[in-house]
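Please read the structure below before turning to the comments.
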Amino acid sequence: MARFKTRLKIFKGMPDLTPFINVVFLLLLFFMLSSSFVQISGIKINVPQTTEGENETGAEKLIISVDKTNRFFFNDEPLESDWRKLKDKLQLFTSKSNARTVIIVADKETSYGEIVKLMSLARSMNLNVYAATVPEAKKEQITEDAATE
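Everything in the sequence shown is counted per the numbering used here, starting at 761 for the first residue and increasing by one.
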């Protein structure tokens, strides 16, 4: 019975973590790029609270923001309460895009009549209308963040 001598030596050191770290960074990059990003407006609006959770809709959105002085913005572009311009912008955007969802982000001090006009305008164009709200827990965090600014 012949015995062969092996040339393998047992390595008793720290494992090389570089490939593991590379895989983790690639996974992180993949998940960041494949997730949907929420477009946040630069307009300061105090959104009313709701007890329900957030509603997720499609990726392409039409956002109409209304501040407390009843000025409105279409995708952050000021329209100075010009209803004809808003209707033209909505028609132009919906003709070029497949988006059928309008999100109304209105300050809680905005008059109810303005919001109803916006909703009826969007519905007359066969668009789905959603009103943006903030759950109570997030509302507390937002107010704390605003206080630190």
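Glycine residues also receive a C-beta, built at the ideal position from the N, C-alpha and C atoms.
These figures come from a predicted structure and were not determined experimentally.
For residue i, which residues of its own chain have a beta-carbon under 6 Å away from its beta-carbon, when the five flanking residues on both sides are left out?
i, result
"R875", "Note on residue identity: the sequence assigns Ile, not Arg, to residue 875. Excluding positions up to five away in sequence, the list reads A866."
"L743", "Because the chain in this structure spans residues 761 to 909, residue 743 falls outside the shown range and cannot be described."
"S795", "none"
Can you list, in chain order, the residues of its chain whose CB lies under 7 Å from that of residue i, leaving out five sequence neighbours each side?
i, result
"V840", "Reading off the sequence, residue 840 comes out as Glu, not Val. These residues qualify, in order along the chain: R831."
"Y872", "none"
Please classify residue i: is it buried, with 16 or more other beta-carbons within 10 angstroms of its beta-carbon, or exposed?
i, result
"V826", "buried"
"T829", "exposed"
"A819", "Any reading at A819 must be qualified, since the residue scores a pLDDT of 48, below 50, and its modelled position is unreliable; no value is offered."
"L789", "exposed"
Please report the distance separating the alpha-carbon of residue i from that of residue j.
i, j, result
"P808", "F833", "18 Å"
"L846", "V894", "25 Å"
"T854", "I781", "44 Å"
"K877", "Y890", "14 Å"
"K868", "P779", "51 Å"
"S857", "K849", "12 Å"
"L777", "F764", "34 Å"
"V783", "F771", "24 Å"
"R767", "F791", "44 Å"
"L787", "P775", "21 Å"
"R844", "F785", "49 Å"
"P838", "N886", "23 Å"
"A892", "G773", "56 Å"
In chain order, what residues of the same chain lie with their CB nearer than 8 Å to the CB of residue i, ignoring the 5 residues before and after it?
i, result
"T870", "V826, D827, K828 and N830"
Would you mind giving the Cβ-Cβ distance between residue i and residue j, rounded to the nearest angstrom? I have them listed as a contact below 8 Å.
i, j, result
"N835", "I823", "6 Å"
Check whether the segment 876-894 and the segment 856-864 are in contact - that is, three or more C-beta pairs closer than 8 Å. yes
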